[in-house]
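Residue numbers (the UniProt record's numbering), protein chains in the order written: chain R, 1 to 469; chain S, 1 to 469.
First up is the structure itself, then whatever we jot down about it.
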């Protein structure tokens, strides 16, 4: 959530480069040394200088890795000389401690130094009281820009975009543009293209700087510009934006308001953060985790996880109640209690495989309404083929174990049935959730494993009741 | 795996834009219409023109979505006018059918038209026979470049980099550079920076085009350049490169050979593909899937999954054998067979939560040797807290069900024990795999759920044997 790369000061004697294969990561010995320096009041100045010499991303990393006491010492040392670029790089929980340490006024001063998209991001991540307190302490112009940014929907182009861009009229020549660029003030620190706009400030195309540089001074911008623009509506969802950038291999895109006027630009480095976030979200949601929160404390982490686990307990009870229906069968044939987890475990794993492929396919649009039937048919074939293999193996195991051929037949049949059900629910649950507008990664795995568990036990115990007793 | 965005032709009457919230995705009606046109020999020319009017990413998407027969019809229509940019966008399995349809000579001609990184990528994804056949049919210069690219390790900077870049000597002025850029031939189609090199072609810094444009003609490049370069060694792993780009918010980085000479550049759009791939890999590997392969046929898909499922069957048998040890206990108290899956299921889910957080933490470097003990301690606390909550709930359920307080006590104690074990193995397995240089996502979940299942059953049945019989 920060702007393009900016010129970096040389970092003499970079302490971070001692690790052999990572020249940019913090070396554990360096972190240890900083810890020692923070414990020793005599080395305070040295510690401050060391940390101020770091790249902002490394400084953020270091702050995250310190325990609370040393973090407080470091923050008090850095007060007054804190690089605001560090803030967007910090984990939410750690950033909260910076706010606590610095107070509203100093925090607002840091926010004011950042580009508009970063400033909006930081203010957005405060709770209501804090947000009001920080906004109140911002200069009026910054406050207006941030409030406008916050008025756009969460995860929309309006939140993601930078207002800083270079727009020029289409009747200009290359010479006009170059002369103006040399003299103009208030341009963004970095840009890779000029946006060409009509008199109503609607984007007509963009001229890449590499094309501008190679043209003659008298060439008209209109002749150079790429008109294959993909204008992004200010309300477009960030997931859509990420897909657009990837599909079109874009480096940047203009953002337009409802009237089609150019109001900002989105650059690929911000999109990289979105891509990361979306992939991470899917992966974590599949496991029932709402956030990473590596730096959240144990109590907060436990609280975010217990809800999912309680839902799981409910589904596990449903599964147990299925087994409970067959207590009479189990009493007569206790071998079933030994064998049935084999069937349910395999069903759960096969279902999770299908589910994960489906969730990923939906995210990348490889799976859509268009080919959902064909892909489901394929998954059924896969379930059938692997089901046959596993049924033979599991049946053979049951036979070797108990020398009971009918029992082995029940286990094998139940395994085959469960693999087919696993394919159906592994595809059906995420497709149904997507259809109803729910994120298919959320809660899918709990439903899929519940169904494969229930069916697994039901098949083993039901078939046994029918054919073995 | 392709170069930066390039000027796109205007696409009149873009058929892709009918879908309401996605202006860049293929509309299902458009895909349907193309299918109909391909079935009708009279509409062949129309179909060809429609597809040729698409952006290469959309054309690739369309080709993927067609069934085999229509795909063959379309490929034969496109032969001779096939946009080579489509190839890197295709799924491996689908690209294989393009090679089959076009033959080696035509395929080689398409490869020769691409930028070096794309060409290397395509040749790399052929099997040995095909690779030899395609290389043989390439012009000598292309072949040499590709063979050199292939000589770098898989997933290294050498594979990822483009050879096309702009390098200038440090004694030049801005005017020198602009005059040379206007006249030079053979420059890359797009670039966002000049690399400044010393007489031995070692990179000294880079000058962003936005800085170049805003400087005066007489300014020296040396004064403008950003020396905070992060030169990437040609052997650096792509995962490291992705971390470097994200941590440093880079748009591009120079690649140097062992002697420190500039041999190529890596741009952020290629890194985006790497980031995607790494996140996808972790997610899929956690579920025991080796590849997406949405377009692989059912048999190939079944084959890639059966190995993992067979491993799972082995672990499930181990789990069953734990239950088998307690057949005498089960015979006396069949209620245990009903209740024990509840304990093992919750342990499995809690273990997967911890595991997923750990795998993600290792990938983003939030979890490292540095804080592994502290994070493990935190997970233990989380397991303990959630274990107490779940033990009370599960114990209460068991008591309501069977009105047997000692039985409820056994279930509750087993639940608490299993939640603590889930935290330990959820952290321990990925950390141990990472320590031994194995991808922590691979095979982790099968071990974690095996251990929580075994411990869950062992705890319920063992405690019951000790205290209830």
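We put the CB at the ideal spot given by N, CA and C, even for glycine.
Would you please verify whether the beta carbon of residue 22 of chain R is less than 9 Å from any beta carbon of chain S?
For this step, residue 22 of chain R is matched to residue 22 along the first chain. Low confidence applies to residue 22 of chain R: its pLDDT is 45, below 50, so where it sits in the model is not reliable, and the reading given next is rough at best. With 9 Å as the cut-off, residue 22 of chain R counts as an interface residue toward chain S.
Tell me which same chain residues have a C-beta within less than 6 Å of the C-beta of residue 380 of chain S, skipping the five on either side of it?
Looking up residue 380 of chain S in the second chain gives position 380. Excluding sequence neighbours, residue 380 of chain S sits near 423.
Thinking C-alpha only, which one of R:49, R:229 and R:334 is nearest residue 250 of chain R?
On the first chain, position 250 is the one that residue 250 of chain R refers to. Per the Cα distances, R:229.
Cut-off 6 Å between Cβ atoms - residues of its own chain near residue 191 of chain R, not counting five sequence neighbours on either side
The count along the first chain starts at 1 and reaches residue 191 of chain R at position 191. Same-chain partners within the cutoff: 166.
Cα-Cα, which of R:387, R:261 and R:64 is closest to residue 307 of chain S?
Indexing the second chain from 1 puts residue 307 of chain S at position 307. Closest by alpha carbon: R:387.
State the beta-bridge partners of residue 156 of chain S as determined by DSSP.
On the second chain, residue 156 of chain S is found 156 positions in, with the first residue counted as 1. For residue 156 of chain S, which the question treats as bridged, DSSP gives the partners S:237.
Going along chain S in order, which residues have a C-beta closer than 9 Å to the C-beta of residue 288 of chain R?
Walking along the first chain from the start, residue 288 of chain R turns up at place 288. Result: 349, 352, 353 and 356.
How many Å lie between residue 101 of chain R and residue 75 of chain R at the Cα?
Indexing the first chain from 1 puts residue 101 of chain R at position 101. Indexing the first chain from 1 puts residue 75 of chain R at position 75. Whole-angstrom Cα-Cα distance: 7 Å.
Check whether the Cβ of residue 299 of chain R lies closer than 9 Å to any Cβ atom in chain S.
One-based indexing of the first chain puts residue 299 of chain R at position 299. Closer than 9 Å: yes.
CA-to-CA distance, residue 412 of chain R to residue 277 of chain S, given in whole angstroms
Here the question's residue 277 of chain S lines up with position 277 in the second chain. Here the question's residue 412 of chain R lines up with position 412 in the first chain. In a straight line, the C-alpha of residue 277 of chain S is about 37 Å away from that of residue 412 of chain R.
Below 6 Å CB to CB, which residues in the same chain sit around residue 84 of chain S once its five sequence neighbours on both sides are set aside?
Within the second chain, numbered from 1, the residue matching residue 84 of chain S stands at position 84. For residue 84 of chain S, where only same-chain residues beyond five positions count, the Cβ hits under 6 Å are 110, 113 and 114.
Minimum C-alpha distance to residue 263 of chain R - residue among R:238, R:217 and R:152
The count along the first chain starts at 1 and reaches residue 263 of chain R at position 263. Out of R:238, R:217 and R:152, R:152 has the C-alpha closest to the C-alpha of residue 263 of chain R.
Against chain S, with Cβ distances strictly below 9 Å, would residue 126 of chain R count as a contact?
If you number the first chain from 1, residue 126 of chain R lands on position 126. Taking Cβ atoms only, chain S never reaches closer than 9 Å to residue 126 of chain R, which makes this a no.
Contact check, residue 275 of chain R vs residue 268 of chain S under 8 Å by CB: the rounded distance?
As a first step, residue 275 of chain R must be located in the first chain, where it is residue number 275. As a first step, residue 268 of chain S must be located in the second chain, where it is residue number 268. At roughly 11 Å, the Cβ-Cβ gap does not stay under 8 Å, so residue 275 of chain R and residue 268 of chain S are not in contact.
Beta-carbon neighbours of residue 154 of chain R, restricted to chain S and to distances below 7 Å:
In the first chain, residue 154 of chain R corresponds to position 154, counting from 1. Residues of chain S passing the Cβ test: none, with the nearest at roughly 16 Å.
Beta carbons nearer than 7 Å to chain R: which residues of the stretch 318-331 of chain S have them?
319, 320, 323, 324, 327, 330 and 331
Would you say residue 173 of chain S faces chain R, with C-beta separation under 9 Å as the test?
The residue given as residue 173 of chain S occupies position 173 in the second chain. So, not an interface residue.
Are the Cβ atoms of residue 427 of chain R and residue 363 of chain R separated by less than 9 Å?
Numbered from its first residue, the first chain carries residue 427 of chain R at position 427. Numbered from its first residue, the first chain carries residue 363 of chain R at position 363. The answer is no: Cβ separation not under 9 Å.
Three or more beta-carbon pairs under 8 Å between the stretch 138-158 of chain S and the stretch 114-130 of chain S, yes or no?
yes
Less than 8 Å between C-beta atoms, sequence neighbours within five positions excluded: which residues of the same chain meet that for residue 22 of chain R?
Within the first chain, numbered from 1, the residue matching residue 22 of chain R stands at position 22. With a pLDDT of only 45 at residue 22 of chain R, under 50, the local geometry of the prediction cannot be trusted, and no value is derived from it.
State the DSSP-derived secondary structure class of residue 255 of chain R, mapped to helix, strand or coil.
Counting from 1 along the first chain, the entry for residue 255 of chain R is found at position 255. The answer is strand: DSSP assigns residue 255 of chain R an E or B state.
Does the stretch 308-320 of chain S come into contact with the stretch 335-355 of chain R, if we say contact requires no fewer than three beta-carbon pairs (one atom in each stretch) closer than 8 Å?
yes
Hey, quick one: how far does the beta strand (DSSP E) through residue 128 of chain R stretch, first residue to last?
By 1-based counting over the first chain, the position of residue 128 of chain R is 128. That residue, residue 128 of chain R, is in no beta strand (DSSP E); its alpha helix (DSSP H) goes 128-136.
Any idea which residues DSSP pairs residue 267 of chain R with across the strands?
Along the first chain, one-based indexing puts residue 267 of chain R at 267. Looking at the DSSP assignment, residue 267 of chain R forms a beta bridge with R:252.
Look up residue 395 of chain S in the DSSP assignment and say whether it is helix, strand or coil.
As a working note, residue 395 of chain S is residue 395 in the second chain. Note: residue 395 of chain S maps to helix in three-state DSSP.
My output table needs one value for residue 198 of chain S: the three-state DSSP class, helix, strand or coil.
Here the question's residue 198 of chain S lines up with position 198 in the second chain. Residue state, collapsed to three classes: coil.
Let me confirm a value: residue 299 of chain R is counted as buried when at least 16 other C-beta atoms fall within 10 Å, else exposed. Which label applies?
Walking along the first chain from the start, residue 299 of chain R turns up at place 299. The residue is exposed, with fewer than 16 neighbouring Cβ atoms inside 10 Å.
Thinking residue 301 of chain S and residue 79 of chain R are a contact (beta carbons under 8 Å), I'd like their distance in whole angstroms, please.
Within the second chain, the letter at position 301 stands for residue 301 of chain S. Within the first chain, the letter at position 79 stands for residue 79 of chain R. Their Cβ separation, rounded to whole angstroms, is 58 Å, which puts residue 301 of chain S and residue 79 of chain R out of contact at 8 Å.
If we cut at 9 Å on Cβ distances, does residue 381 of chain S have a partner in chain R?
Residue 381 of chain S sits at position 381 when you count from the first residue of the second chain. Yes, residue 381 of chain S counts as interfacial toward chain R.
Would a check of beta-carbon distances place residue 444 of chain R closer than 9 Å to chain S?
Working through the first chain from its first residue, we reach residue 444 of chain R at position 444. Not closer than 9 Å to any Cβ of chain S, the Cβ of residue 444 of chain R fails to qualify, so no.
Roughly how many whole angstroms lie between the Cα atoms of residue 169 of chain S and residue 180 of chain S?
Here the question's residue 169 of chain S lines up with position 169 in the second chain. Here the question's residue 180 of chain S lines up with position 180 in the second chain. Computed Cα separation, rounded: 12 Å.
Along chain S, in chain order, which residues have C-beta atoms closer than 8 Å to that of residue 403 of chain R?
For the purposes of this step, residue 403 of chain R is taken as residue 403 along the first chain, with counting starting at 1. Per Cβ cutoff of 8 Å: no residues; residue 403 of chain R is ~14 Å from chain S at best.
Contact set for residue 15 of chain S: own chain, Cβ-Cβ below 6 Å, skip 5 residues either direction
Residue 15 of chain S sits at position 15 when you count from the first residue of the second chain. Model confidence at residue 15 of chain S stands at a pLDDT of 38, short of 50, so the residue's coordinates are unreliable; what they give is reported in the following sentence. Correct list, in chain order: 30.
Kindly indicate which residue of S:376, S:409 and S:439 has the alpha-carbon position closest to the one of residue 391 of chain S.
Walking along the second chain from the start, residue 391 of chain S turns up at place 391. Nearest option by C-alpha distance: S:409.
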